[in-house]
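Protein chains: 2
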Amino acid sequence: MLAQARARDAADPLREYRAHFALPEGVIYLDGNSLGVLPKATAGRMAGVVRGEWGEGLIRSWNSADWIGLPRRVGGRIAPLVGAAPDTVIACDSTSINLFKLIAAALAMRPGRKVVLSEPGNFPTDLYMIAGLEAQGLAERRLAPRDRIADALDGDVALLLLTHVHYKTGEVFDMAALTRAAHEAGALVLWDLSHSAGAIPVELDGCGADFAVGCGYKYLNGGPGAPAFAYVAQRHHAALEQPLTGWMGHAAPFAFSDDYQPAPGVGRLLCGTPPILGLSALEVGVDLVAEIGIERLAAKSRALSEFFRTCLDQAGVALELVSPPDPMQRGSQLSFRHPEAYAICQALIARGVIGDFRDPDILRFGFAPAYVSFEDVAEAVRHLAEVLETGEWQRDEFRERAAVT
Amino acid sequence: MLAQARARDAADPLREYRAHFALPEGVIYLDGNSLGVLPKATAGRMAGVVRGEWGEGLIRSWNSADWIGLPRRVGGRIAPLVGAAPDTVIACDSTSINLFKLIAAALAMRPGRKVVLSEPGNFPTDLYMIAGLEAQGLAERRLAPRDRIADALDGDVALLLLTHVHYKTGEVFDMAALTRAAHEAGALVLWDLSHSAGAIPVELDGCGADFAVGCGYKYLNGGPGAPAFAYVAQRHHAALEQPLTGWMGHAAPFAFSDDYQPAPGVGRLLCGTPPILGLSALEVGVDLVAEIGIERLAAKSRALSEFFRTCLDQAGVALELVSPPDPMQRGSQLSFRHPEAYAICQALIARGVIGDFRDPDILRFGFAPAYVSFEDVAEAVRHLAEVLETGEWQRDEFRERAAVT
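As you go down the protein sequences, you meet chains A and B in turn.
If you use the UniProt record's numbering, the first sequence closes out at 405, no skipped numbers anywhere.
If you use the UniProt record's numbering, the second sequence closes out at 405, no skipped numbers anywhere.
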């Protein structure tokens with residue numbers, strides 16, 4: 001496997017980009033994807049922001065370093081990665097907060113309809129943010145299994161909220177078809193792109209999507225708890241009303257008036273003062289992904305995950321695949337079901353192979369195409385085969401649950 | 001003035017702390033307070049978080065570096081600065097977002113009442129977040145001038161929302177008296193401590209306050225757009241329901257269940273994934289302020305602002321003071337009204353004296369007691385007197401408004 005892997009790496013058009021990431025010694029990072037690797041340029045950028053922009057520039061940096069423009073600037077760089085026009089994306093707050101804004105905005109645009117439709121087993125925060133509006137009496141949460149979503153789109157549905165790539169299985173929804181189905185039912189659509197952005201091609205404008213949100217700390221390499229992003233289709237900009245009407249979303253924040261007037265376009269999605277440290281780190285990660293380009297990333301992602309499966313076959317490892325076998329039908333990950341997934345994951349981490357576990361029984365491997373190599377994949381499979389063969393995952397230390405799993 | 005200032009500095013018990021801050025060469029920083037100065041320790045901490053915790057530790061740092069505990073840990077350090085029990089404060093999101101959570105929570109605790117009472121001219125985001133809930137049909141915003149607030153507390157008022165130290169004038173509300181008045185009217189109280197925390201003593205528990213929010217980037221020196229904090233009195237923990245029910249506020253976030261169950265205590269105020277870079281920087285700033293202690297900070301703050309007024313007198317500068325003349329009645333700032341406040345502020349900045357302007361005619365000087373010296377004050381007044389005497393503020397370059405004022 002190793003020779004084959006090395007040959008693939010030598011032929012990989014993205015091989016030079018691995019050097020742009022600070023991969024720790026002795027680690028094979030197949031986290032899938034809870035936190036992208038640190039781009040090497042980020043440390044220097046952060047030192048510059050901290051010592052220079054904050055330390056030396058102080059409040060002057062809102063103008064001189066264009067801190068005030070950061071949310072729109074980073075959003076504009078994310079836009080082409082998700083098939084969106086530049087002025088339709090903004091970087092701000094968290095995915096959860098952005099979900100709240102856009103679910104509420106959609107409900108306001110569909111008076112008389114209260115249902116927000118999603119699927120059971122969607123990423124929890126998506127479901128919880130609907131529940132938050134439900135507790136306010138403003139929404140009604142309806143869940144339908146993914147093969148029944150089209151049937152559940154009736155005249156009560158204001159919004160269809162789906163995660164494009166499922167966080168556990170990696171399964172991809174047909175964005176174009178479901179967006180069309182929702183629109184035919186008179187509903188709007190909000191796509192959560194947390195496991196898509198920077199990993200697989202997305203065509204928000206092309207599919208006629210209404211809204212989207214996504215995460216900055218996964219394939220965009222923005223760092224732990226990085227700011228998220230939000231998309232609003234151009235045609236909705238004028239009508240958009242969201243309830244988190246903080247001062248930075250005001251048309252003239254520094255006029256300090258008592259009454260709220262929304263900023264034009266996606267600027268009205270801003271709420272509080274933008275997190276400059278987090279946005280600066282995110283900008284570095286996004287720039288790197290944008291430089292590589294999403295088509296090349298997606299092609300390598302598919303090659304990596306297919307190679308992982310080839311290696312499993314060659315190593316004689318039989319694990320129950322819960323991701324779609326067709327690489328065009330899944331995100332940049334492979335997930336397997338095993339009753340001892342947690343302990344196996346821990347045993348792999350002890351060997352320096354970092355994948356992740358998702359409760360209760362999912363072992364997830366992600367293939368961040370910007371920095372994962374084919375050799376990483378071959379070596380990870382070798383370790384996985386050894387962990388399963390030796391049964392070393394049975395040690396007590398690997399079964400004790402940490403606070404964060 | 002200078003000799004007097006130097007004598008005061010020599011006798012200042014906090015003089016050693018100035019060396020803990022990275023004050024830029026040639027700058028007198030009397031920003032009042034839009035952004036606290038960089039603590040010297042922050043640069044090292046951020047490099048460690050970026051290169052070590054993120055770069056080397058990757059997802060393992062959620063456990064090994066206790067990223068998951070950061071919001072509660074930083075909140076626990078802020079608590080004594082605002083007179084709160086340790087488990088009643090958490091660091092998260094922005095002040096605006098935290099206002100939304102707690103206004104909504106208060107409304108849910110006072111069914112049948114919809115009015116949120118505040119004052120005109122409160123910091124805009126406080127008023128706008130009420131407006132956001134008003135647009136949702138859940139709140140009714142009522143504004144009463146500060147001398148009429150007690151009269152406006154009728155049986156429709158669910159919540160009194162006030163900013164403890166006014167951002168423009170520095171005037172301080174009597175927290176104990178207004179909290180009592182609100183409670184007598186059956187209302188709850190939410191205090192915005194953005195210009196109080198780290199500058200003047202606050203007794204949230206002692207005053208019987210219900211809720212509070214505050215900013216991390218002013219006197220807590222957390223950096224540009226730092227995470228904010230939120231306080232909930234212990235007696236409300238069990239009943240607290242807020243609508244931004246993200247996965248990190250769940251009792252068991254890593255169980256990934258479809259249904260939301262709030263975490264115990266202030267943990268349920270968390271929403272999305274915590275911003276680790278911002279929280280780490282904030283922790284350094286808070287630790288420094290906590291080490292100095294709020295009583296010593298407040299005493300020096302009063303001495304500095306009184307010395308500023310003495311220097312003005314000695315320099316023969318007559319400016320209209322809009323802050324209360326009694327230092328016990330104001331926050332750590334002095335504000336003056338002048339029709340050319342913007343241009344004067346810009347002329348001072350050109351001389352290295354950074355105060356700030358607040359639309360339309362306020363010139364504001366803040367006295368962050370942890371690092372501002374008496375010599376800073378004397379020198380700032382000398383520059384101010386020269387700017388006014390020479391009329392150099394009349395230059396065109398000082399009248400052109402920047403994006404951020």
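By construction, the Cβ of each residue, glycine as well, lies at the ideal position given by its N, Cα and C atoms.
Delimiting residues of the beta strand (DSSP E) encompassing residue i
i: I90/B; result: V89 to C92
i: Q333/A; result: Q333 to R337
i: T163/B; result: V157 to T163
i: R51/B; result: Premise fails: R51/B is in no beta strand (DSSP E) and is neither H nor E.
i: S118/A; result: V115 to S118
i: D356/B; result: D356 to R358
i: R142/A; result: E140 to L143
i: R364/B; result: I362 to G366
i: F211/A; result: F211 to G214
i: V232/B; result: A228 to V232
Contact check, residue i vs residue j, beta carbons under 8 Å
i: A230/A; j: L102/A; result: yes
i: Y219/A; j: A226/A; result: no
i: V286/B; j: I68/B; result: no
i: L279/A; j: L70/A; result: yes
i: V258/A; j: G32/A; result: Checking the sequence shown, residue 258/A turns out to be Asp, not Val. Taking 8 Å as the Cβ cut-off, D258/A and G32/A do not qualify as a contacting pair.
i: F307/B; j: F365/B; result: no
i: E171/A; j: R330/A; result: yes
i: A106/B; j: L38/B; result: no
i: G246/B; j: T405/A; result: no
i: L204/B; j: V27/B; result: no
i: I349/A; j: V387/A; result: no
i: G223/B; j: A281/B; result: yes
i: L190/A; j: F173/A; result: no
i: S332/A; j: F367/A; result: yes
i: L193/B; j: F100/B; result: no
Residue i: first and last residue of the uninterrupted alpha helix (DSSP H) it sits in
i: L127/A; result: P124 to A135
i: F100/B; result: T95 to M109
i: R60/B; result: Counting along the chain, R60/B falls outside any alpha helix (DSSP H), and DSSP gives it neither H nor E.
i: Y342/B; result: A341 to A350
Residue i at chain A interface by Cβ criterion, 8 Å
i: V82/B; result: no
i: G366/B; result: no
i: L160/B; result: no
i: T179/B; result: no
i: Y231/B; result: no
i: A403/B; result: yes
i: L240/B; result: no
i: P224/B; result: yes
i: F100/B; result: yes
i: residue 440/B; result: Any question about residue 440/B goes unanswered here, given that chain B covers just 1 to 405.
Below-8 Å beta-carbon distance, residue i vs any chain B residue
i: C345/A; result: no
i: E283/A; result: no
i: F211/A; result: no
i: Q136/A; result: yes
i: P111/A; result: no
i: M1/A; result: no
i: P369/A; result: no
i: S34/A; result: yes
i: P274/A; result: yes
i: P243/A; result: yes
i: M175/A; result: no
i: G293/A; result: no
Neighbour list for residue i in chain B, Cβ cutoff strictly below 7 Å
i: C271/A; result: S94, S96 and I97
Residue i: contacting residues in chain B (beta-carbon distance under 9 Å)
i: S301/A; result: In chain order: nothing, as chain B lies at least about 19 Å away.
i: H250/A; result: P124, T125 and Y128
Neighbouring residues, chain A, relative to residue i (Cβ below 9 Å)
i: P24/B; result: G55, E56, G57 and L58
i: F256/B; result: G121, F123, P124, Y167, K168, R358, D359 and P360
Contacts of residue i in chain A (Cβ-Cβ under 8 Å)
i: R51/B; result: A22, L38 and A43
Under 8 Å from the C-beta of residue i: neighbouring residues of chain B
i: I354/A; result: L58, I59 and R60
Contacts of residue i in chain A (Cβ-Cβ under 7 Å)
i: L308/B; result: Per the sequence presented here, residue 308/B reads as Phe, with Leu not at that position. Within 7 Å Cβ-Cβ: nothing; F308/B doesn't reach chain A, min ~19 Å.
Stretch-stretch touch, CB-based, cutoff 8 Å, three pairs: the stretch 183-198 of chain A with the stretch 336-352 of chain A: no
The stretch 104-121 of chain B contacting the stretch 284-303 of chain A, beta-carbon criterion three pairs below 8 Å: no
Inter-stretch contact at 8 Å, needing at least 3 Cβ pairs: the stretch 299-307 of chain A / the stretch 132-147 of chain A: no
Cβ contact (3+ pairs, closer than 8 Å) linking the stretch 144-160 of chain B and the stretch 263-272 of chain A: no
The stretch 6-19 of chain B / the stretch 374-383 of chain A touching (three or more Cβ pairs under 8 Å): no
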